[in-house]
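*Asks:*
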Amino acid sequence: MLTLDNLLSLNPVPASGEAHVLHALACSPFVERLFRKDALLLQDLLQNLHQAYLLSEMQNFLASQLISDENSLKKSLRLLRSRVMARMIVRDLNGLADLQEVMTTTSHLAEYTINIAIKYLHEWQAALYGQPVDADGKLQQLIVIGMGKLGGGELNVSSDIDLIFAYESDGATQGAKSVSNQDFFARLAKKLIAAIDEITEDGFVFRVDMRLRPFGSEGAIVCNLDALEDYYQNNGREWERYAWIKGREVTGGDAVSRLLKPFVFRKYLDFGAFASMRDLKIQIQRDVNTKGMHDNIKLGRGGIREIEFIAQVFQLIRGGQDVSLQIKPTLSVLNLLKNKGLLPEKTVIELSEAYVFLRNLEHRLMYVDDVQTQELPKSDEAKARIAKAMNYANWTTFLQKLDEYRAQVQRHFDATFDDADASKDALDAEKSIWNASISEVDSIKALDNIGFAESHETYRRLNILHQSSRYKQLPELSRQRFDAVMPHVISQAGQMQNSDITLTRVTDLLESICRRASYLALLAEHPNAMQLLVKLCSSSPWLANYLTSHPILLDELLDVRTLHAAPDFVAMRAELLERLAEVTDDVERQMDVMRHFKHAYIFRFAVQDINGELQLETISDYLSALADLILSVALEIIWPNVRGRHLDVPKFAVIGYGKLGGKELGYASDLDIIFLYDDESPEASEVYARFAQRINNWFNSLTSAGLLYETDLQLRPDGNSGLLVSRVDAFRDYQLNKAWIWEHQALTRARFVAGDRAIAQTFDDIRVEVMTQARDATILKAEVLAMREKMRKAQHTHEGMFDLKHGVGGIIDVEFLVQYLVLLHAPTHPELTVNIGNIGLLKCMSTLNIIDAALAESVANAYRTYRHMQHMLKLQGATQLNIKAESIAKEISQVNALWQQVFA
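Numbered per this note's numbering, the sequence shown finishes at 1094, counting up by one with no gaps.
This is the structure:
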């Protein structure tokens, strides 16, 4: 009998190499069997111990083999596997390879052996039956989809490989012995399984598991793409979505992945995934308990599967919206979740460390006898071997560390998948009210006790909702989630000062989203999010309506830190560009990405506003900076699609007027903009007109995600009858020689927003030149007053009421005062041309003794008060900005006093 000593004596080993081999042999009887069976393996190992077994080396080895039939193919594949496994195991056990190398090498081995086997088998089978083609004569190939860890590129060393087989289209082979494509590929698939899975005198390559295919063990071994799509559309189950996260073609292109992406990654945020994966885990745990598998480090509590579930539930929820999450390796997903703020850094570190530890342990369990096992050993000898393989002094020390990691994983899993209903919090009264399990009298009394002032009316509204066809026609799952949410809504609305109207706002929102079960799932799974939703709806009907229009924003309620964080506009720009890059080839998706981005930040600003965290000027600055950012990114994204052979970077700029120009944007403000260019190319006017039109379409088009912004282009030269874009020199000529006084008034609030910086400077120069022109004071005053009078005549306000914007002594009067004084005095005081806003300009004018300092301060305060009241009215859903005149009589009189002083 060949002893280990004999084996080593036949292959002289350096001292360090001998130590590595001896350690591996002590930990892996399987490696010892490999060496005893083929002494050349040890020689190969010793020569190449310090380098990973790369794909190129696998290719070189098989190229050196004589493969002429199925038997020689099987033998060559198995010899390759022995070489790869021997080196990889010895490297891993001695710390020369990390987990990533082991997973990558094993995955490469599986992919390469599958591909090389198909190459030979297809060739031999086509020689017999002819090449398979579709109805148009297009050659067909066997598509092999690797599922599970093979699809993720993180295959175990002695794992089954989960495969699904497909081909593109029906048809037949072109040979004399023609067979259908279905028959051809079914035969090929069976031969492939035999080439990989069959145990011969040389062992096997990989065990093949086909149970994940459509209809499982009862389904056809291979099907065409139409049949595949039909199955997942009509019969696909939730666990199959989970399985397909890692699905990846290892041969035959990416047609299947593209076909099934909508099945796996839903268009909307899918918070129902929490419940689905929780149920799947319960089924697994039930099986674990029944079979006594608590020592299974994959399926047991705190095991590998729980880490995978944590990573993949976020992919299922958000992958349809955020394509960057459509990646496969577990560690990469965890790191991405950390970077996106979806999991805390500490959680990701602990889960990642546990994953590496558990996967290394899993491999060492498999190294023992080359069997797929995740069970901890039972005998003392086997325990000692595993402890040694894991570099621990003894089993007790090792087990302590293992238990530590499993406890961490279990804690994070439970925190992620915590069942909000599991606590069965009281809410008995609220449940009885909603379910109508108590009388009307008792329900009204209970609503009274909960905190509703108009309990009769509230009961009536709840009863109408419960009996409505919209509620009754909900799918069963959606109705269950609606029923789970409503008692919490009733309870929390009752705690608000305006409890009755709050409940109405929240139920209106729930009614509008109830057919999207995933949104109800979000609220059911996250009580804190629901509590915040109720509070926000109580505070602002505008915000409640905004959420109703854009329910995807409910996701924003989950991370309070993000919701209240100050905006970083540089990081935001990078974030938006990154998201747009993920959908480069889909213009409609890009438009939706921009809309979702804008809506999310508008919502965050509004929440901070309602909580009293921001001053009005800060909110306006944020909203204006957000519009600037979106315009800037839009130019960058749209230009490549319209420029043709024109410049790589457009000589084009967007100029903001009105509230955008003055950095006074509100939540629903439109954008007053014009477009300028400075390009002498013959085709420039046509190219930039097309560019401007495309920008306008992007902003004003109504997509599934709503509007981006409404734009108003009327302030361009010659208004609506003028060109959409103007050359800079033409703009200057117009402003100096043709523009009306009201256009110069508008110019006082204009600023460069996005585009070419050279044009920005030119525009600023033109603006200053126009504003510092000497003007006849009498003519200027007459035109300004005439325009203001014309505007006043168009407005009608009820007696005793005051229109904050248009009323005499209101916002527009302050703006006209400032604009008139700027145009009148800028020739002698050019500092007035700086666009610092109305309040800043009033202060500047008082410093220059143009107006009385005390009156200037009073008017500035009045303007600030008007804007604040205007802002709050809009948050309360007001469509008109009328208030009782007596409530702001002081402010009105101060503005009128300055008006009289200036225009008397």
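Idealized CB from N, CA, C, for every residue including glycine.
Return the CA-CA distance between D811 and N1086, expressed in angstroms with no decimal places.
*Replies:* 28 Å
*Asks:* With a threshold of 16 other CB atoms inside 10 Å of the CB of F953, please say whether the residue is buried or exposed.
*Replies:* Classification of F953: buried, given that the 10 Å Cβ count is 16 or more.
*Asks:* Hey, I411 and F355: beta-carbon distance below 8 Å or not?
*Replies:* yes
*Asks:* Spell out a yes or no on whether the stretch 483-490 and the stretch 440-452 are touching, meaning 3 or more CB-CB pairs, one atom from each, closer than 8 Å.
*Replies:* no
*Asks:* For K614, which residues from the same chain have a beta carbon less than 8 Å from its beta carbon, with the 5 sequence-adjacent residues on both sides left out?
*Replies:* No answer about K614 holds up, because its pLDDT of 48 lies below 50 and its placement is not dependable.
*Asks:* Look at the alpha carbon of R917 and the alpha carbon of V960, and state the distance between them as a whole number of angstroms.
*Replies:* 17 Å
*Asks:* For a test of the three-state rule: what should DSSP assign to N887, helix, strand or coil?
*Replies:* helix
*Asks:* Mapping DSSP to helix, strand and coil, what is D869?
*Replies:* coil
*Asks:* Look up P567 in the DSSP assignment and say whether it is helix, strand or coil.
*Replies:* coil
*Asks:* Rounding to the nearest angstrom, what Cα-Cα distance links A612 and L861 in this structure?
*Replies:* Summary for A612: the model assigns pLDDT 47, below 50, so the residue's position carries little reliability; its value from the coordinates is reported in the next sentence. Spanning the two alpha carbons is a distance of roughly 49 Å.
*Asks:* Whole angstroms is fine: what's the gap from L470's alpha carbon to Y421's?
*Replies:* 21 Å
*Asks:* Do you know whose CA, among W732, T738, L744, R706, lies nearest A1096's CA?
*Replies:* Nothing in the structure corresponds to residue 1096, since the chain is present only between 191 and 1094.
*Asks:* Within a Cβ cutoff of 6 Å, which residues of the same chain sit near K488, ignoring the five residues on either side of it in sequence?
*Replies:* I494, R495, Q564
*Asks:* Between which two residues does the beta strand (DSSP E) holding A356 run?
*Replies:* 350-357
*Asks:* Can you tell me the Cβ-Cβ gap for A643 and D690, rounded? I've got them flagged as a contact below 8 Å.
*Replies:* 6 Å
*Asks:* Is the stretch 213-220 close to the stretch 277-292, with three or more CB pairs under 8 Å?
*Replies:* yes
*Asks:* Do you know offhand how far Y899's Cα is from G338's?
*Replies:* 44 Å
*Asks:* Could you round the C-beta distance between E617 and P677 to whole angstroms and report it? I think they count as a contact, below 8 Å.
*Replies:* As written in the sequence, residue 617 is Leu, which differs from the Glu given in the question. With 8 Å as the limit, L617 and P677 qualify as a contact, their Cβ atoms being about 4 Å apart.
*Asks:* Distance check for W829 and V1049, CA to CA, integer angstroms please.
*Replies:* In this model, V1049 and W829 are separated by some 44 Å (Cα to Cα).
*Asks:* Apart from the five residues on each side of it in sequence, which residues of its chain come closer than 7 Å, Cβ to Cβ, to F455?
*Replies:* G509, G510, Q516, listed in sequence order.
*Asks:* From A1094 to K1080, what does the alpha carbon distance come to, in whole angstroms?
*Replies:* 20 Å
*Asks:* In this structure, how does DSSP classify I863 when only helix, strand and coil are distinguished?
*Replies:* strand
*Asks:* Do L340 and L351 come within 8 Å of each other at the CB atom, strictly closer than that value?
*Replies:* Residue identity differs from the one stated: residue 351 is Ile in this sequence, not Leu. In this structure, L340 lies closer than 8 Å to I351 by Cβ.
*Asks:* Out of A253, L1065, N284, which one is the CA nearest neighbour of L269?
*Replies:* A253
*Asks:* Which residue marks the beginning of the alpha helix (DSSP H) containing E543, and which one marks its end?
*Replies:* Residues 535-559.
*Asks:* What are the start and end residues of each continuous alpha helix (DSSP H) run of 4 or more residues lying completely inside the stretch 640-711, in chain order?
*Replies:* 645-657, 659-662, 666-683, 689-703
*Asks:* Excluding the five sequence neighbours on either side, which residues of its own chain have a C-beta within less than 7 Å of the C-beta of A967, listed in chain order?
*Replies:* L1014
*Asks:* Which residue comes first and which comes last in the alpha helix (DSSP H) that contains K1074?
*Replies:* No alpha helix (DSSP H) contains K1074, which is instead part of the beta strand (DSSP E) from 1072-1074.
*Asks:* Ordered along the chain, which non-local residues of its own chain (more than five positions away) have a Cβ less than 7 Å from that of M1059?
*Replies:* L994, I1073
*Asks:* What's the gap between the Cα of V440 and the Cα of M580?
*Replies:* 32 Å
*Asks:* Here's the rule I'm using: 16 or more other beta-carbon atoms within 10 Å means buried, otherwise exposed. How should F225 be labelled?
*Replies:* buried
*Asks:* Just the C-alpha distance for E391 and L263, rounded to the nearest angstrom, thanks.
*Replies:* 13 Å
*Asks:* Given this structure, state the Cα-to-Cα distance separating L415 from D360, to the nearest angstrom.
*Replies:* 9 Å
*Asks:* Give the list of continuous beta strand (DSSP E) stretches no shorter than 3 residues that lie fully inside the stretch 782-813.
*Replies:* You should have found no qualifying run.
*Asks:* Which value, in whole angstroms, describes the spacing of the CA atoms of A824 and M784?
*Replies:* Taking the straight line from one Cα to the other gives about 9 Å.
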